[in-house]
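Below is one structure; the comments refer to it alone.
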Amino acid sequence: MTTPNYVTEPGGQVPVVASSDLVVVGGGPAGISAAVAGARNGLSVTLLERYPYLGGLASGGMVLVLDDMCDGPEVTVRGLCSEIIDRMTRMNLCVTPPESDWISDTAKFRQWARWGCYNFHSHQKPQPVCYASAFDPDGFKRAANDMVSEAGVNLRLHSWFSKPIVEDGAIKGVICETKSGRQAVLGKVVVDATGDLDVAAAAGSPHSLGSFIVTTVFRLGGIDTDEAERFEYEEPEAFSVLDREAKRIMGGSWERWWLKTPLPGIVWCNCPHMAGFDGLSVEHLTNADFKGRERIAELVSFIRAKMPGFKNAFVVDVAPQIGVRQSRLLEGEYVLTKEDVTARRHFEDSVARGRDYYYPYRTLLPKGVSQLLVAGRHYSSTAAAQRISREIPPCMAMGEATGVAAALSLQAGVPVDKVDVRKVQDTLRAQGADPGDRPSANATLEMAAAE
Ligand SMILES: Cc1cc2nc3c(=O)[nH]c(=O)nc-3n(C[C@H](O)[C@H](O)[C@H](O)COP(=O)(O)OP(=O)(O)OC[C@H]3O[C@@H](n4cnc5c(N)ncnc54)[C@H](O)[C@@H]3O)c2cc1C
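To convert, take the position in the sequence shown, counting from 1, and add 9; that gives my numbering.
Written out as C-alpha cells, the structure is:
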C-alpha cells in the first residue's frame with residue numbers, strides 16, 4: 010500500500026511527514042516504554058512529543074522518585090523501568106538503597122527517608138526502607154534519548170497532537186501542530202500516552218473526567234542536608250514546629266516536603282499541592298502556576314530565615330510542566346476500581362503490575378475505536394483507583410505492554426483487541442518485564458477475564 014502525500018481536512022491538505030507501524034503520542038514514562046518495546050519487537054515506530062525533551066512528569070514535572078515497584082522484598086516492576094534505573098545509575102544520576110537495607114530499622118530509615126526510598130504505605134514503625142530510586146531529571150531525559158535512539162525510534166519532538174485520523178471506526182494516524190504547520194503521521198496502531206487521554210478522547214472513546222491536586226514542583230539549591238537532617242532527628246520538637254509552619258505556607262505538601270537528589274546540595278520539593286484546578290483548562294493551569302510560584306517565594310523567605318540547613322537556599326528551577334496527576338480517564342473494556350487495587354485483585358489478562366496491584370489488558374483498550382491502545386496515568390480506571398495506581402514505574406510497565414501487544418497483533422495480522430494476551434505475557438516475561446500473570450501470594454485470584 011502506498012502512503013498518501015496529503016490528508017484532506019476542511020481547512021486544506023496536511024502533509025504526511027511520517028508513516029510507521031506504530032505511532033506513540035506522548036513521550037512520558039509510558040510513551041517512551043511503548044515506543045522502545047514496539048521497536049525492539051520489530052516495529053517501525055514514530056514517537057511524538059510536544060515538548061523538547063522526553064520524560065513527561067518524570068523529567069519536566071521533576072517527579073524525582075521511582076516508587077511503587079516492589080511488594081516487600083519482591084521487585085514487581087522490572088523490564089524497561091529497571092533498565093532506565095541502571096542507565097541513570099551508570100551516569101551517577103540515580104540512587105537506590107541496596108537490598109540489604111530493605112528492612113525496618115531506625116538507622117536505615119534515617120539514612121533513606123530523605124531520599125524518599127521507604128514504604129510510606131506501611132504501618133510498621135519505622136517504615137521499611139524499600140526498592141525505590143531517586144534520580145536526576147536530566148539523567149532521565151538522557152537515558153530516555155539513548156533508549157529510543159538505540160531502538161531506532163523515529164522521534165519527533167515539538168509536535169503537539171491536535172487531531173486523530175479515524176476512518177471506518179479505526180484510527181489511522183494523528184495530526185500534530187508544529188512550527189512548520191500541521192503535520193500528519195500515519196500508523197497501523199496508535200498508542201495514546203499523553204497522560205490526559207488527548208487522542209482517545211478526541212477519537213470519541215468513552216471516558217470520565219477526574220481531578221486531583223496539582224503541584225508546582227521545584228528544586229532548591231544551597232542546602233546543607235546534613236545540618237537539616239541533624240536538626241530533624243536531634244531536635245524533633247523544634248523541627249516539627251518549623252516543619253509545620255513550612256507546610257502551612259505551602260498549603261499542602263507531601264509528608265517530607267523536601268527530598269535529596271543525586272546532585273549535592275540540591276533538593277526537590279513535592280509541593281505546593283493545590284486543589285480545585287482543572288488540568289485541562291488553560292486558565293486554571295495559568296493561575297496554578299502563578300499561585301504556586303507565590304507560595305514558593307514565601308516559603309523560601311521563611312526557611313532562609315528560620316530553618317537550620319536552609320539559610321543559603323535558592324530556587325534552582327520550578328518544574329517546566331505543572332504536576333497534573335489526573336484529568337481524563339478512559340472508560341475502556343474494563344474499568345479498574347479502588348477495590349480491585351486495594352484487594353490486590355489479580356486478573357487472567359494482567360499485562361502489567363505496580364506495587365501489589367494488577368492492570369488487565371482490557372484497561373488499556375478503548376471502546377469505540379479500533380487499533381488504538383492507551384498507556385499511562387489515564388488508563389481505564391475510576392478516579393479513586395487511579396489516585397493510588399499511577400506511579401511512574403507501573404506507567405512504564407503499561408507502556409511496555411502496549412508496545413509488545415502492538416507488535417504481536419501486527420505480526421499475527423489481528424486487531425489489537427484480538428491479540429493473544431497469553432503471548433503478550435510470555436513475551437514480556439521473556440524480555441525481563443513482569444506482566445503480573447503470576448501473582449504473588451498476597452493477590453486475590455479472580456477469573457476477571459471471564460466477566
Ligand atoms: C506532583 C506529582 C508528584 C508525583 N509523585 C510521584 C512519585 O513520587 N513517584 C512516582 O513514581 N510517581 C509520582 N507521580 C505520578 C507520576 O509522575 C505520573 O503518574 C506519571 O509520570 C505518568 O506517566 P505518563 O507517561 O502516563 O504521563 P506523563 O508523565 O504526564 O507524560 C505524558 C507525556 O505526553 C506529552 N503530551 C501530553 N499531551 C500531548 C499532546 N497533546 N501532544 C504531544 N505530547 C503530549 C507530555 O508532554 C508528556 O511528555 C507524581 C505526579 C505528580 C504530578
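We put the CB at the ideal spot given by N, CA and C, even for glycine.
Inter-residue distance for L419 and A393 is about 34 angstroms (C-alpha atoms, whole angstroms). Here the segment 372-380 lies against the segment 412-426, with 3 or more beta-carbon pairs under 8 angstroms apart. Within 7 angstroms of the C-beta of W169 there is at least one heavy atom belonging to ligand 1. Looking from the CA of V276, the closest CA among Y242, A328, D177, A179 belongs to A328.
Between the C-alpha atoms of H355 and P448 there is a straight-line separation of about 7 angstroms. Under the DSSP assignment, K117 falls in the alpha helix (DSSP H) whose first and last residues are 115-121. CA-to-CA, the gap between G318 and F240 works out to about 8 angstroms. Around the beta-carbon of Y242, fewer than 16 other beta-carbon atoms lie within 10 Å, marking it exposed.
By alpha-carbon distance to E409, the top candidate from V157, R257, T295, K172 is V157.
Straight across, the Cα-Cα distance linking T203 with L289 is about 12 angstroms. Under the DSSP definition of a beta bridge, V198 partners with L31. In this structure Y388 is buried. Its beta-carbon is surrounded by 16 or more other beta-carbon atoms within 10 angstroms. Two segments are said to touch when three or more pairs of C-beta atoms, one from each, lie closer than 8 angstroms; by this definition the segment 346-354 does not touch the segment 174-187.
Sequence-distant Cβ neighbours of S91 in its own chain, meaning closer than 8 angstroms and more than five residues away, are V84, G441.
For R396, the shortest C-beta to heavy atom distance toward ligand 1 is 7 angstroms or greater.
Measuring C-alpha to C-alpha distances from A361 to each of E292, L437, T346 identifies L437 as the nearest. Counting along the chain, K134 sits inside no beta strand (DSSP E), nor does DSSP assign it H or E at all. Counting of Cβ neighbours within 10 angstroms places D201 among the buried residues, the total reaching 16 or more. Counted as a single uninterrupted DSSP element, the stretch harbouring N50 is not any alpha helix (DSSP H), since DSSP gives it neither H nor E. In the structure shown, S109 adopts helical secondary structure according to DSSP, grouped into three states. Two segments are said to touch when three or more pairs of C-beta atoms, one from each, lie closer than 8 angstroms; by this definition the segment 254-271 does not touch the segment 131-140. Distance between P24 and R191, taken at the CA atoms: about 7 angstroms. The beta carbon of T12 sits closer than 8 angstroms to the beta carbons of V25, S28, L195 from its chain, once the five residues preceding and following it are set aside; these are given in chain order.
Residue state for V183 is assigned as strand, using DSSP reduced to three classes.
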